[in-house]
Amino acid sequence: MTNNMERHTKLLKASARAAKNITTILDSYELFQRTVDIICDEFGFYYAGVFLVDEGSQYAVLKAGRGDAGKAMLREGHKLAIGGNSMIGASIANKKGRIALDVGEEAVFFENPHLPKTRSEMALPLVIGDEAIGALTVQSTDEAAFHEEDIDALQTMADQLAVAIQNARLHKQEERRSRLLKAANRVGKEVASLLDLDQLLPQTVNIICEAYGLYYAGVFLLDDKGEYAVLRAGYGKAGKAMLAEGHKLRVGTESMIGACVAMGEARIALDVGEERVHFKNPHLPHTRSEMALPLIYGGRTLGAVTIQSSEERAFGDDDITTLLTMAEHLAVAINNAHLVDELKEAHNEILRNKVFEALTTASTEAIHWIGNKTLPISLTVARLREEIADGKVDVESLKEDLDMISESAGQIIQVKEQLIGAVREMKPRSVLFADVLQTAAMQRGISQDVLKVKIDPEAAYVIADSTQLTRAVGNILQNAVEAGAKSVTVRAHSTEERGVLQIDIEDDGAGMNDDIQRKVWSPFFTTRGVSHHGLGLPAAMHVVSQSQGRIALVSEGGKGTTVAMFMPQGHVVEETVQAGGVKNILLIDDNDDWANLFAELLKGSKIKLTQSVNLKKLPEADLIFVDENIAAVSLDEVLGALSKAGLASKTVVLTSAINPERVTQYLRGGLKDVSVKPYSAGELNELLK
């Protein structure tokens, strides 16, 4: 009796020490491992293990085990059926402690090959309230090692462990809740200031996946007809691949996103393998849980966000709450971006109206100017007809007359381009400014030696119509050269104004006095005589204004002129080039900024690129691209060599500034096509189709 009392007292003391050591641990992994170690060390037992009930309440899953045996069972994912033929299963089902005094004869003992020396086992349920959340197994190499009163002594420790587990869970939930709220606030804060969808949406999916530690996230927006949800941004390589494929899902019940958009409510699949509406996506093979959240603003569904995890049952109530908050922030930001686009379009329409109004106001000057140019043509033609009729044609005089007619006609065509070009429908995109500058200089016959160029990396791209911007920059460069400039410095850099670049074109020419500066923006004003139409700067102003920019000029007589253009900053979305049926491309171009960009775009694709200006040895190619403005060799010589080699039908002339007359000329020569230069993988994909 005395020995039993001493033994019971020892167990109670050891149980109290064990309970004290585990109640302050809030990390679940550490808690479980420390528990089994404390039990074995304090009580001198052979083995101890902690099981927790799974979410389906069907199995008790081992979470920690003593020694090598425990590690081996954890690797195997050891679990026991609740209520089944095991001590742990029975203990949880009945919420009572169980003892097997001779495990070889105990019907409910699970014969475990990892624990061959066990002769006695005690299973203690872990109970919170009325719920058994798991159980402890304590095993000994001695037969009849446990007594009924031992259950009472050790159950106190098991109860304390259950409380510690509950505390750890609550702590983890609180930490997760805090992290989710911070992530939702971060999404709201960082996306609220972005008004360009091409920046807003990719940044959003990156924030979601990185802040929440998720496998994948994607943003879908409704198409114009409301029939499909079209992927506009996706995380990682899977996202890039789906964007390149033009991934979209029909609005309806055949996919998580489709159902979410159709119903205007969140959808959750905790085990996507069993979820009827889950879209089985080959790009996302590891998805086990998915949440689809609608993007709703003002009662209108704009699209949806898909959030996916590689774990089953990855989303709880806290996730839903915080992610819905994030989706609300995102919907507001998307709506703001749409409003900005609508305002831009309205502004474009106002600008177009202003341009027409300006042209109407200047109609008197225009008619007068054109009349001055056409009258000599009419008089000369009449005189030539008389000379032909009289048979007295002076060949030298005829040549002079034809030169005059050609010059006047050419100037009229220039005026037509400056006037009509400024009101043509703009097609703004992110264009490589260095390429536009080079093209403008070459088209105006301005030597590269005259130019000094400094373009900061963040100012490499500007949003504009490349054809129109080339004309505007060309006008400014030509004005500088005609003013006697020996050097023209071009700088492009970012400004303190978010999303705005400043492009300065500074020359050392004659400059202007204050009176001339006040008139330079007026159509047909010129200080260079009748051979100039005076539309260069007004046309440049219209182009910059249509691009949502502004232009200013500073000058001083004898000290040169600086023209500053403030333009929206461009950027290129990371995409992948899809080769299609093209395996080999020949690029005939100088080793300039655009050629380097073109080569960079093709990196990672399966297309072999050969760049050369050697016309004597043309390699095999499925497609040949030729830069219209090439310095190393004349374009006529290039096209002649390609035509002679029978390669015209594979040849595409690329330019940053499309000219309808030149396009007609090239196509008549049998070329495959003439197109604007691609500055992004998406544009190149369109060109390769």
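For the sequence shown, position 658 matches number 1351 in the numbering used here, and the numbering has no gaps at all. Heads up, the beta-carbon is just placed ideally off N, CA and C, and yes, glycines get one too.
Report task. Check the C-beta distance from residue 939 over to residue 933 and give it rounded, since I have them as a contact under 8 angstroms. Result -> Position 246 of the sequence shown holds residue 939. Position 240 of the sequence shown holds residue 933. For residue 939 against residue 933, the beta-carbon gap comes to about 12 angstroms, at or over 8 angstroms, which does not count as contact.
Query raised in the report: If you count every other CB in all the chains shown that lies within 10 Å of the CB of residue 1321, and 16 or more means buried, which is it?
Result: Within the sequence shown, numbered from 1, the residue matching residue 1321 stands at position 628. The residue is buried, with at least 16 neighbouring Cβ atoms inside 10 Å.
Query raised in the report: Are the CB atoms of residue 1278 and residue 1331 nearer to each other than 8 angstroms?
Result: Looking up residue 1278 in the sequence shown gives position 585. Looking up residue 1331 in the sequence shown gives position 638. Result no, Cβ atoms of residue 1278 and residue 1331 do not sit closer than 8 angstroms.
Query - Coarse secondary structure for residue 1186, derived from DSSP in three states - result: Taking the sequence shown and counting its residues from 1, the one referred to as residue 1186 is at position 493. Strand, per DSSP.
Query raised in the report: Within 10 angstroms of its Cβ, does residue 917 collect 16 or more other Cβ (buried), or is it exposed?
Result: For this step, residue 917 is matched to residue 224 along the sequence shown. With a 10 Å radius around the Cβ and a threshold of 16 neighbouring Cβ atoms, residue 917 comes out exposed.
Query - Residue interval of the alpha helix (DSSP H) (run including residue 1353) - result: As a first step, residue 1353 must be located in the sequence shown, where it is residue number 660. First-last of the alpha helix (DSSP H) with residue 1353: 1353-1361.
Query - Inter-residue Cα distance where the pair is residue 1334 and residue 1308 - result: By one-based count along the sequence shown, residue 1334 stands at place 641. By one-based count along the sequence shown, residue 1308 stands at place 615. If you take the alpha carbons of residue 1334 and residue 1308, they lie about 6 angstroms apart.
Query raised in the report: When DSSP labels each residue in this structure, what does residue 1328 get in the three-state scheme?
Result: On the sequence shown, residue 1328 is found 635 positions in, with the first residue counted as 1. Here residue 1328 sits in helix by DSSP.
Query raised in the report: In its own chain, which residues sit with a C-beta less than 6 angstroms from the C-beta of residue 639, not counting the 5 before and 5 after it?
Result: The structure shown does not extend to residue 639, since the chain is modelled only from 694 to 1382, so the question has no answer here.
Report task. Figure out for me which residue from 776, 1205, 1364 has the closest Cα to the Cα of residue 1251. Result -> In the sequence shown, the residue the question calls residue 1251 occupies position 558. Answer by Cα proximity: 1205.
Query raised in the report: Near residue 786, what residues of its chain come up, given a Cβ to Cβ distance below 7 angstroms and the 5 sequence neighbours on each side ignored?
Result: Numbered from its first residue, the sequence shown carries residue 786 at position 93. So the list reads 775, 776, once near-sequence residues are dropped.
Report task. Would you list the one or two residues that DSSP bridges to residue 1147? Result -> In the sequence shown, counting from the first residue as 1, residue 1147 sits at position 454. In the DSSP output, where bridge partners are listed per residue, residue 1147 has 1184.
Query raised in the report: Measuring CB to CB, does residue 1243 end up less than 8 angstroms from residue 1237?
Result: The residue labelled residue 1243 in the question sits at position 550 within the sequence shown. The residue labelled residue 1237 in the question sits at position 544 within the sequence shown. In this structure, residue 1237 lies closer than 8 angstroms to residue 1243 by Cβ.
Query raised in the report: How many Å lie between residue 729 and residue 762 at the Cα?
Result: The count along the sequence shown starts at 1 and reaches residue 729 at position 36. The count along the sequence shown starts at 1 and reaches residue 762 at position 69. About 12 angstroms.
Requested in this report: Keeping to the same chain, check which residues put their C-beta closer than 7 angstroms to that of residue 1344; ignore five residues upstream and five downstream.
Outcome: Along the sequence shown, one-based indexing puts residue 1344 at 651. So the qualifying residues of the chain are 1317, 1319, 1335, 1364, 1365.
**Report entry** Classification of residue 965 by the beta-carbon crowding that lies within 10 angstroms, buried from 16 upward
**Finding:** Translated into positions along the sequence shown, residue 965 becomes position 272. Here residue 965 scores only 49 on pLDDT, less than 50, and its place in the model should not be relied on; the value that follows carries that caveat. With 16 or more other Cβ atoms within 10 Å, it is buried.
Report task. Taking residue 1375 and residue 1268 to be in contact with their CB atoms under 8 angstroms, please state how far apart those CB atoms are, rounded to whole angstroms. Result -> By 1-based counting over the sequence shown, the position of residue 1375 is 682. By 1-based counting over the sequence shown, the position of residue 1268 is 575. Indeed they touch by this definition, with Cβ atoms about 5 angstroms apart.
**Report entry** Length at least 3, wholly inside the region 1246-1284: the beta strand (DSSP E) runs in chain order
**Finding:** DSSP runs (the beta strand (DSSP E)) wholly in the region 1246-1284: 1254-1261, 1277-1281.
Query raised in the report: Are the beta-carbon atoms of residue 1157 and residue 1124 separated by less than 8 angstroms?
Result: Counted from its first residue, the sequence shown places residue 1157 at position 464. Counted from its first residue, the sequence shown places residue 1124 at position 431. Between residue 1157 and residue 1124, the C-beta gap is smaller than 8 angstroms, which places the two residues in contact.
**Report entry** Classification of residue 1358 by the beta-carbon crowding that lies within 10 angstroms, buried from 16 upward
**Finding:** One-based indexing of the sequence shown puts residue 1358 at position 665. The residue in question, residue 1358, is exposed, as its Cβ has fewer than 16 Cβ neighbours within 10 Å.
Query raised in the report: Taking one C-beta from the region 1344-1354 and one from the region 1255-1270 each time, how about it: are there three or more such pairs within less than 8 angstroms?
Result: no
**Report entry** In DSSP terms, what residue 1243 is bridged to
**Finding:** Within the sequence shown, residue 1243 is the residue found at index 550, counting from 1. 1259, per the DSSP bridge assignment.
Report task. Could you check how far apart the C-beta atoms of residue 913 and residue 950 are, in whole angstroms? I think they sit under 8 angstroms. Result -> One-based indexing of the sequence shown puts residue 913 at position 220. One-based indexing of the sequence shown puts residue 950 at position 257. With 8 angstroms as the limit, residue 913 and residue 950 qualify as a contact, their Cβ atoms being about 5 angstroms apart.
Query raised in the report: Nearest-angstrom Cα distance between residue 1016 and residue 986?
Result: As a working note, residue 1016 is residue 323 in the sequence shown. As a working note, residue 986 is residue 293 in the sequence shown. So the alpha carbons of these two residues sit roughly 8 angstroms apart.
Query raised in the report: First and last residue of the beta strand (DSSP E) that includes residue 1123?
Result: Indexing the sequence shown from 1 puts residue 1123 at position 430. Where residue 1123 is concerned, the enclosing beta strand (DSSP E) stretches over 1122-1125.
Report task. Would you identify the three-state DSSP class for residue 967, choosing helix, strand or coil? Result -> Taking the first residue of the sequence shown as position 1, residue 967 is located at position 274. Note that residue 967 scores 48 on pLDDT, short of 50, meaning its location in the model is unreliable; the coordinates nonetheless yield the value given after this. Note: residue 967 maps to helix in three-state DSSP.
Query raised in the report: What are the boundary residues of the beta strand (DSSP E) that includes residue 1368?
Result: Position 675 of the sequence shown, counted from the start, is the residue given in the question as residue 1368. Unbroken beta strand (DSSP E) run through residue 1368: 1366-1369.
**Report entry** Per-residue DSSP class, three states only, for residue 1379
**Finding:** The sequence position of residue 1379 within the sequence shown is 686, counting from 1. If DSSP states are grouped into helix, strand and coil, residue 1379 belongs with the helices.
Query raised in the report: Over what stretch of residues does the beta strand (DSSP E) that includes residue 1208 continue unbroken?
Result: As a working mapping, residue 1208 is identified with position 515 in the sequence shown. Careful: residue 1208 lies outside any beta strand (DSSP E), inside the alpha helix (DSSP H) at 1207-1212.
Query raised in the report: The beta strand (DSSP E) spanning residue 1344 covers which residue range?
Result: For this step, residue 1344 is matched to residue 651 along the sequence shown. Its beta strand (DSSP E) spans residues 1344-1348.
Query - Same chain, Cβ closer than 8 angstroms to residue 1298, neighbours up to 5 away in sequence not counted - result: In the sequence shown, counting from the first residue as 1, residue 1298 sits at position 605. Within the same chain, residue 1298 has close Cβ partners 1269, 1270, 1271, 1272.
Report task. Starting from the C-beta of residue 1137, find all residues in its chain whose C-beta is less than 7 angstroms away, skip the five residues before and the five after it, and write them out in chain order. Result -> Here residue 1137 is taken as the residue at index 444 of the sequence shown, counted from 1. Closer than 7 angstroms at the Cβ level, and outside the excluded window around residue 1137, lie 1167, 1170, 1171.
Query raised in the report: Hey, residue 981 and residue 947: beta-carbon distance below 8 angstroms or not?
Result: Residue mapping note: residue 981 aligns to position 288 of the sequence shown, counting from 1. Residue mapping note: residue 947 aligns to position 254 of the sequence shown, counting from 1. The answer is no: Cβ separation not under 8 angstroms.
Query raised in the report: Which residues in the same chain as residue 919 place their Cβ atom closer than 8 angstroms to its Cβ, once the five residues preceding and following it in sequence are excluded?
Result: Looking up residue 919 in the sequence shown gives position 226. Cβ within range, chain order: 944.
Requested in this report: Express the C-alpha separation of residue 855 and residue 820 in angstroms, rounding to a whole number.
Outcome: Taking the sequence shown and counting its residues from 1, the one referred to as residue 820 is at position 127. Taking the sequence shown and counting its residues from 1, the one referred to as residue 855 is at position 162. Each residue's Cα considered, the two are about 6 angstroms apart.
Query raised in the report: So, residue 1183 versus residue 1262, is the Cβ gap smaller than 8 angstroms?
Result: Taking the first residue of the sequence shown as position 1, residue 1183 is located at position 490. Taking the first residue of the sequence shown as position 1, residue 1262 is located at position 569. Contact flag unset, no.
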